[in-house]
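Everything in the sequence shown is counted per the UniProt record's numbering, starting at 1 for the first residue and increasing by one.
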Amino acid sequence: LKRLIERSRSVGEVLRWVTQNPAKVSASHYPIALHKLGQLLQHGGGAEGRGPGHVLEQPEFQTLCQAIIGGCAKFDNFSIVNCLYAAAALGLPGESPLVRVLEEESRSRLGRFNQKDVSMVFSSEANNKALEAIFSSQLFYENRQERFIRSMAEWLPRKAENLTPYTMALIAKYVARHRLREPRLLDTIANFLLKRGEQLDSKVIQKLVFPFSRMNYRPSNHGELFPKLEAILEQKAGSSPLATVNILMSMFQLSHFPQSVLHQVFSPTFITNVMSSPYALIVRRYLSLLDAAVELEFRDYSGPRLDPRYRVLMFEHALTADEANRKYSYKGLVAEALRQLVGEECYRQDEVLPPGYCTDFLLWINRSGTVLPLSRIPAASKAPLSHPTTSPAAVSLRSRPVPRDNTLCPGRVVLSVNDKWHYCQNSDILVGSRAMRDRHLRLLGYCLVQV
Numbered sequence: 001l002k003r004l005i006e007r008s009r010s011v012g013e014v015l016r017w018v019t020q021n022p023a024k025v026s027a028s029h030y031p032i033a034l035h036k037l038g039q040l041l042q043h044g045g046g047a048e049g050r051g052p053g054h055v056l057e058q059p060e061f062q063t064l065c066q067a068i069i070g071g072c073a074k075f076d077n078f079s080i081v082n083c084l085y086a087a088a089a090l091g092l093p094g095e096s097p098l099v100r101v102l103e104e105e106s107r108s109r110l111g112r113f114n115q116k117d118v119s120m121v122f123s124s125e126a127n128n129k130a131l132e133a134i135f136s137s138q139l140f141y142e143n144r145q146e147r148f149i150r151s152m153a154e155w156l157p158r159k160a161e162n163l164t165p166y167t168m169a170l171i172a173k174y175v176a177r178h179r180l181r182e183p184r185l186l187d188t189i190a191n192f193l194l195k196r197g198e199q200l201d202s203k204v205i206q207k208l209v210f211p212f213s214r215m216n217y218r219p220s221n222h223g224e225l226f227p228k229l230e231a232i233l234e235q236k237a238g239s240s241p242l243a244t245v246n247i248l249m250s251m252f253q254l255s256h257f258p259q260s261v262l263h264q265v266f267s268p269t270f271i272t273n274v275m276s277s278p279y280a281l282i283v284r285r286y287l288s289l290l291d292a293a294v295e296l297e298f299r300d301y302s303g304p305r306l307d308p309r310y311r312v313l314m315f316e317h318a319l320t321a322d323e324a325n326r327k328y329s330y331k332g333l334v335a336e337a338l339r340q341l342v343g344e345e346c347y348r349q350d351e352v353l354p355p356g357y358c359t360d361f362l363l364w365i366n367r368s369g370t371v372l373p374l375s376r377i378p379a380a381s382k383a384p385l386s387h388p389t390t391s392p393a394a395v396s397l398r399s400r401p402v403p404r405d406n407t408l409c410p411g412r413v414v415l416s417v418n419d420k421w422h423y424c425q426n427s428d429i430l431v432g433s434r435a436m437r438d439r440h441l442r443l444l445g446y447c448l449v450q451v
């Protein structure tokens, strides 16, 4: 029966083999039939030349769906996953009974799925519709599929030109969510962006750029890509201010500072436009951090800066991810160790330092290596450097290497507890936002100790 289904030349023939031979049909035949239907419809093999919508309404197809719905609880994992994504590739809506039942069954088995089950299905579905269905699936989005991503990195470069920006943006979103630092995949996104950037909306560009900063990865074509992005932003900066500052933040995290675009976003016209928008506060937060980054890292910049009236802290408390994962963090253990070793009066936890960076633990150590009670530190000494580009402390930080070993330097010390979500997956590379935070704290005169 498997060979007969695979050799079928029309949709009607596939449906007849499956629906007229119920005694001979097993769980493994259903995904084969759904895949075959998808292939035939894609190549114009629908009934009497009519479209897929007509086929999906046929009684024989509904009989096939009901057979899968009634028997899926007894299917093996591979058949369940195969049926689910074959149905998605067919274009069945997420609210259809078949897709809904298959997703519910998949969720109930999630702990028993292995990556091979999923990867073998996904690697054969490289068209826009299938990839959109896969990356739009909440079941897939919530779970990391590294085997599939490695497999996709092999064939995606060859097929990227045929993908839509929407599909590529979904892939970028997934890679960023799971911190998958796969250079071939990231370079494919970068090449796609280089070729099509001028045709894309700023909101799409920000989605494609974000994985680079998230994974702290400069694409291999960054020498061409970054100037191209600068030129695009110069033209489109005002069309979507939030997307513009998001793109700039990604570039800043990768230590690239587009001077001409900064002239625009710090201009009175851009600021006035932002202040009258519903997302004024979030854009002010980003602009404030960008302004601080310019002062700390882009010393050659001589253009306009953010008006001090609009400066706010980027964050006023611990990051959402850190709060959500607090029970999985080692911070509790470190806090208890500090309490016993130096006492609660000698450190602060979750202290937010200008320009808005939340620190895990803040301490003050004198030159003899003694941790001092923070209440005994003069306010002027505890405050961060307000003008780091001109202060002697900042200049000296730039002129001498920051200690990378376990030795402590005297003064303000930030004890950082780097948990697994602060790194790219299976890597010792910090995500871009964490890496920029560390750079800035050092330039502000803090000594960082990583735990």
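Cβ atoms here follow ideal geometry from the backbone N, Cα and C, with glycine treated the same way.
For residue i, does the three-state DSSP call read helix, strand or coil?
{"i": "Ile149", "result": "helix"}
{"i": "Val371", "result": "strand"}
{"i": "Leu444", "result": "coil"}
{"i": "Tyr30", "result": "helix"}
{"i": "Leu290", "result": "helix"}
{"i": "residue 479", "result": "Missing from the structure shown is residue 479; the chain here goes from 1 to 451 and no further."}
{"i": "Asp438", "result": "helix"}
{"i": "Pro241", "result": "helix"}
{"i": "Tyr279", "result": "coil"}
{"i": "Ser8", "result": "coil"}
{"i": "Ile377", "result": "coil"}
{"i": "Asn21", "result": "coil"}
{"i": "Ser329", "result": "coil"}
{"i": "Val312", "result": "coil"}
{"i": "Gly343", "result": "coil"}
{"i": "Pro403", "result": "Reliability fails at Pro403, whose pLDDT of 43 lies under 50, so the model's placement of it is uncertain and no value is given."}
{"i": "Glu336", "result": "helix"}
{"i": "Asp187", "result": "helix"}
{"i": "Leu170", "result": "helix"}
{"i": "His35", "result": "helix"}
{"i": "Gln58", "result": "coil"}
{"i": "Asn273", "result": "helix"}
{"i": "Glu198", "result": "helix"}
{"i": "Asn162", "result": "helix"}
{"i": "Pro354", "result": "coil"}
{"i": "Phe298", "result": "coil"}
Using DSSP's beta-bridge definition, name the partner residues of residue i.
{"i": "Val361", "result": "One detail in the question is off: residue 361 reads as Phe in this sequence, not Val. Answer is Gln349, Leu415, bridged to Phe361."}
{"i": "Gln450", "result": "Ser416"}
{"i": "Tyr423", "result": "Leu430"}
Please state whether the Cβ-Cβ distance between residue i and residue j is less than 7 angstroms.
{"i": "Cys424", "j": "Met251", "result": "no"}
{"i": "Lys327", "j": "Asp360", "result": "no"}
{"i": "Ala169", "j": "Val204", "result": "yes"}
{"i": "Val14", "j": "Ile5", "result": "yes"}
{"i": "residue 473", "j": "Leu92", "result": "Within the shown structure, residues of the chain are numbered from 1 to 451, placing residue 473 beyond reach of any answer."}
{"i": "Gly432", "j": "Ser213", "result": "yes"}
{"i": "Glu234", "j": "Ser260", "result": "yes"}
{"i": "Leu262", "j": "Gly303", "result": "yes"}
{"i": "Val417", "j": "Val294", "result": "no"}
{"i": "Tyr347", "j": "Arg437", "result": "no"}
{"i": "Gln264", "j": "Ala237", "result": "yes"}
{"i": "Val414", "j": "Leu362", "result": "yes"}
{"i": "Arg181", "j": "Ser427", "result": "yes"}
{"i": "Leu41", "j": "Lys24", "result": "no"}
{"i": "Tyr141", "j": "Leu186", "result": "no"}
{"i": "Val283", "j": "Leu242", "result": "yes"}
{"i": "Ala435", "j": "Pro355", "result": "no"}
{"i": "Leu34", "j": "Ala88", "result": "no"}
{"i": "Phe61", "j": "Ala27", "result": "no"}
{"i": "Pro31", "j": "Asn82", "result": "yes"}
{"i": "Thr167", "j": "Leu225", "result": "no"}
{"i": "Ala160", "j": "Phe192", "result": "yes"}
Give the C-beta separation of residue i and residue j to the nearest angstrom, bearing in mind that I take them to be a contact with Cβ-Cβ under 8 angstroms.
{"i": "Phe298", "j": "Phe257", "result": "4 angstroms"}
{"i": "Val352", "j": "Leu290", "result": "The pair is not a contact, with the Cβ atoms about 18 angstroms apart (cut-off 8 angstroms)."}
{"i": "Leu200", "j": "Pro165", "result": "6 angstroms"}
{"i": "Glu105", "j": "Cys65", "result": "14 angstroms between Cβ atoms; not a contact."}
{"i": "residue 452", "j": "Arg184", "result": "Past the edges of the chain, shown from 1 to 451, lies residue 452, and the structure says nothing about it."}
{"i": "Ser8", "j": "Lys36", "result": "6 angstroms"}
Query raised in the report: Could you give the uninterrupted runs of the alpha helix (DSSP H) lying entirely in the segment 66-113, keeping only those of 4 residues or more?
Result: 77-90, 97-108
Query raised in the report: What are the uninterrupted segments assigned as alpha helix (DSSP H) that are 4 or more residues long and contained completely in the segment 206-269, given in chain order?
Result: 222-236, 241-253, 259-265
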